[in-house]
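What follows is one structure encoded as structure tokens, with my remarks underneath.
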Amino acid sequence: MELEAINAWQQTTAGREEATLAPYAMHSADSAGRKYPEPSHPYRGPFQRDRDRVVHSAAYRRLSAKTQVFTGELGDYHRTRLTHTLEVASVSRTVSRAMSLNEDLTETLALVHDLGHPPFGHAGEEVLNGCLQGHGGFCHNRHALRIVEELEVRYPEFPGLNLSWEVLEGQAGRISKTAAAQRPLLESQVVEAADSITYDTHDADDAMELGLLTLDELLAVPLWAEAARRVRRQYANLQPSELRRAVLHELIDWQVGDLLSQAGERLASFGVESPQAVRQAPVIVVVSDALAQQKRELEAFLYQRVYRHPEVVRHRQVAQQRLREMFDQFMQHPELLPDRFHQRSFVVGLARCVADYLAGMTDRFAQREYERLFAK
Ligand code: MG
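Just so you know, the working numbering puts the end of the sequence shown at 360, numbered straight through with nothing missing.
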């Protein structure tokens, strides 16, 4: 090829990816495409368009007022579902770039991964799942697919966002990991690992800020103790607040570094050289056994001390009771649903439709809707 032709080729998504991505990365040119075929875009690749569609969706914006672990009433320092999602996207992109994977696909998968959470996080999910027994149940990972395939109405030509097959397949893989016949693409494996890296780190940070845990208690947990040792090797005499921040940075850096070296070794030892080979190989993007063990210890500690903390449980119970009452009220009075949902209930069934409406709410909107329905 002439130099000019090479330059022009490298300006295209396919050319850029061919020049920069590893052979085991998912290349846009090999995508299985979209359910509703669309002409290609003059300067955005398919996964870049997917990412943009998610960012412009209503469900994505609503993550800003949805609970991650702690409800908004508890304070304004801690993570929301949106800031958690952005942390996952940030770590995912770092890992993806370091491994020469498809960053656009990785980022899209990260932005979609928690899109299906109802208000009040897992507490809300538990209620909706209970309400939908006999109607297929409710699972946030599956609901994210309903959102991007059906519930977002943004384009005249098709329902949903019409995302690329690889994004839908990646999200579907989160529903039941044991049932999957094949391994997910590396871009999906990265998001899975990044999710765990971020929540293990930020849940401890948020819990400390809320006064549910002290720094000393966390420093007694092996993962934190090791991170603090690494920090102290670099800096002497840190104040507790400085130590806390430095440990948080170290925790992410350490986990990401460990992940990258493990993944590099596993790629080489399994001889993986294509996305097809990734699907047949054992999981590649994982932390070392020693680190995985320390993460499990931290998670067990957080479970006991944070997720089951009486204050957290009390907020959760109030929210759950209200969601349940709203579900029952809409089941008895479907005419109280917004017209779009009321009409849809004749197609998909009332219980599913009520759950779709409730799941789309932010924490704040759910409170207001509760007051509207039960105004004395
Ligand atoms: Mg998550």
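We treat Cβ as the ideally placed atom computed from N, Cα and C, and that holds for glycine.
Exercise. What number of angstroms, rounded off, separates the C-alpha of T4 from the C-alpha of L66?
Worked result: 30 Å
Exercise. Is H124 near the ligand MG, going by C-beta to nearest heavy atom under 7 Å?
Worked result: no
For this session: With a threshold of 16 other CB atoms inside 10 Å of the CB of Q246, please say whether the residue is buried or exposed.
Result: buried
Exercise. Excluding sequence positions up to five away, which residues of its chain have a Cβ less than 6 Å from the Cβ of A265?
Worked result: F254 and V256
For this session: Check whether the Cβ of H97 lies closer than 7 Å to any heavy atom of the ligand MG, and answer yes or no.
Result: yes
For this session: Can you tell me which of the three DSSP states T(-4) falls into?
Result: coil
Exercise. Quick one, are the C-beta atoms of S12 and E1 less than 8 Å apart?
Worked result: yes
Exercise. Which residue or residues does DSSP assign as beta-bridge partners of E51?
Worked result: A small fix is needed here, since residue 51 is Thr in this sequence, not Glu. Answer by DSSP bridge pairing, in chain order: T64.
Exercise. So does V79 have its beta carbon nearer than 7 Å to some heavy atom of the ligand MG?
Worked result: no
Exercise. Beta-carbon separation of E136 and A284 under 8 Å?
Worked result: no
Problem set entry | R228 in three-state terms, based on DSSP | helix
For this session: Examine the ligand MG and report whether any of its heavy atoms sits within less than 7 Å of the Cβ of H68.
Result: yes
For this session: Kindly list the residues whose CB is nearer than 6 Å to the CB of L243, restricted to its own chain and excluding five residues on each side of it in sequence; keep chain order.
Result: A177 and V271
For this session: Could you name the residues of the same chain whose beta carbon sits closer than 6 Å to that of H124, not counting the 5 residues immediately before and after it, in chain order?
Result: G100, H101 and E109
Exercise. Given a threshold of 16 other Cβ atoms within 10 Å of its Cβ, counted over all protein chains shown, does W149 qualify as buried or as exposed?
Worked result: exposed
Exercise. Where does V205 sit, in a helix, a strand or coil, going by DSSP?
Worked result: coil
For this session: State the DSSP-derived secondary structure class of K19, mapped to helix, strand or coil.
Result: coil
Exercise. If you drop the 5 nearest sequence neighbours on each side, which residues of the same chain put their C-beta closer than 8 Å to that of L222?
Worked result: V215, R216 and A230
Exercise. Hey, out of E249, S180, C115 and N86, whose CA is closest to A6's CA?
Worked result: N86
Exercise. Based on Cα-Cα distance, which residue from V79, E91 and R81 lies nearest to L70?
Worked result: E91
Exercise. Taking L321 as the reference, which of R308, V331 and V338 has the closest Cα?
Worked result: V338
Problem set entry | At least three beta-carbon pairs within less than 8 Å, the region 112 to 119 to the region 36 to 52 | no
Problem set entry | Distance cut-off 7 Å: S72 Cβ against heavy atoms of the ligand MG | Reading off the sequence, residue 72 comes out as Val, not Ser. Yes, the Cβ of V72 comes within 7 Å of a heavy atom of the ligand MG.
For this session: Taking the CB atoms as reference points, tell me whether V111 and Y291 lie closer together than 8 Å.
Result: no
Exercise. Sorry if obvious, but does the Cβ on D184 come closer than 7 Å to a heavy atom of the ligand MG?
Worked result: no
Problem set entry | Proximity to F358 [Cα-Cα], best of D36, M10, L307 and D340 | L307
Problem set entry | Burial state of T182, where buried means 16 or more other Cβ atoms lie within 10 Å | buried
For this session: For V72, collect the residues of the same chain with a Cβ closer than 7 Å to its Cβ; drop the 5 residues on either side in sequence, then sort them by chain order.
Result: A94, H97, V175, A178, D179 and T182
Problem set entry | Alpha carbon of V332 to alpha carbon of W238, nearest angstrom | 47 Å
For this session: May I have the straight-line CA-CA distance separating L227 from T64, to the nearest angstrom?
Result: 24 Å
For this session: Report buried or exposed for N146, applying the criterion of at least 16 other Cβ atoms within 10 angstroms of its Cβ.
Result: buried
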